[in-house]
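S.K.: Provided herewith is a single structure, encoded as structure tokens, for subsequent inquiry.
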Amino acid sequence: MISFIGDYTCRLDSKGRITIPSAFKRQMKEDVKDGFVLKRDVFEKCLILYPMKEWDRQNQIIRSKTNPYNKEHASFLRMFFSGTAEVIPDSNSRVLLPKRLLEYAGIGGEVVLAGQFGRIEIWAAEKYEKVSRGDDEFMSMAERILGGLNEQNNE
């Protein structure tokens, strides 16, 4: 799995395209030519850009945990896959973001592309600033989430 490093601010052009930062392209190497799947995030009003290999991996996880003949699972699958689009970078590494997804995430003008494990979050710049935690809050979260790892691993 690719681990994307960094967050980058760019501008959405008049056609609704963003340019994939060169650092992310280097981190993906050859995978960039396979294209991406773009979808709405499950928890936040942002978009998620998955390289095709990671999207396939995510689908395997979902397939292993769902039964399309279970009504609740079928509803989850419908909602999970709604708001997705396959996007292919052009020769200038620009990706066209569908208007319906831009509207969903409130994206226009400045955009932040934030690296994650296996995916890139795409945010309206002003929303990204609001969800980025302050140092004290991040420190508390880090302690709660990661603080006891050594004890858990020794059990």
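Numbering follows the numbering used here, in which position 147 of the sequence shown is assigned residue number 927; successive positions increment by one, without gaps. Note that the Cβ used here is the ideal one computed from N, Cα and C, for glycine as well.
Going by the beta-carbon positions, is the gap between valine 891 and isoleucine 800 smaller than 8 angstroms?
M.R.: Taking 8 angstroms as the Cβ cut-off, valine 891 and isoleucine 800 do not qualify as a contacting pair.
S.K.: Specify the secondary structure class of aspartate 787 as computed by DSSP and reduced to three states.
M.R.: In the structure shown, aspartate 787 sits in a strand (DSSP, three-state: E or B).
S.K.: Go to glutamate 834, then tell me how far its alpha helix (DSSP H) extends in each direction, as first and last residue.
M.R.: Where glutamate 834 is concerned, the enclosing alpha helix (DSSP H) stretches over 832-845.
S.K.: Quick test of your reading: lysine 879 and glycine 815, contact by CB under 8 angstroms. State the CB separation rounded to the nearest angstrom.
M.R.: Going by Cβ atoms, the distance from lysine 879 to glycine 815 rounds to 19 angstroms, so no, they are not a contact pair.
S.K.: Please state whether the Cβ-Cβ distance between glycine 898 and methionine 808 is less than 8 angstroms.
M.R.: Their beta carbons are not under 8 angstroms apart, which means glycine 898 does not touch methionine 808 by this criterion.
S.K.: So what does phenylalanine 816 bridge to, in DSSP terms?
M.R.: Its beta-bridge partners are Pro831, Val867.
S.K.: With DSSP as the reference, label arginine 806 as helix, strand or coil.
M.R.: It is helical.
S.K.: Name, in chain order, the residues that DSSP records as bridge partners for aspartate 874.
M.R.: Looking at the sequence itself, residue 874 is arginine, so the reference to aspartate does not match. Beta-bridge pairing links arginine 874 to Thr799.
S.K.: Rounded to a whole number of angstroms, what is the C-alpha to C-alpha distance between threonine 789 and tyrosine 849?
M.R.: One C-alpha to the other measures close to 43 angstroms.
S.K.: Whole angstroms are fine: how far does the CA of methionine 832 sit from the CA of alanine 885?
M.R.: Each residue's alpha carbon lies about 22 angstroms from the other.
S.K.: How many Å lie between valine 911 and phenylalanine 804 at the Cα?
M.R.: Approximately 22 angstroms between the Cα atoms of the pair.
S.K.: List the residues that DSSP assigns as beta-bridge partners of alanine 904.
M.R.: Note: alanine 904 sits in a beta bridge opposite Val891.
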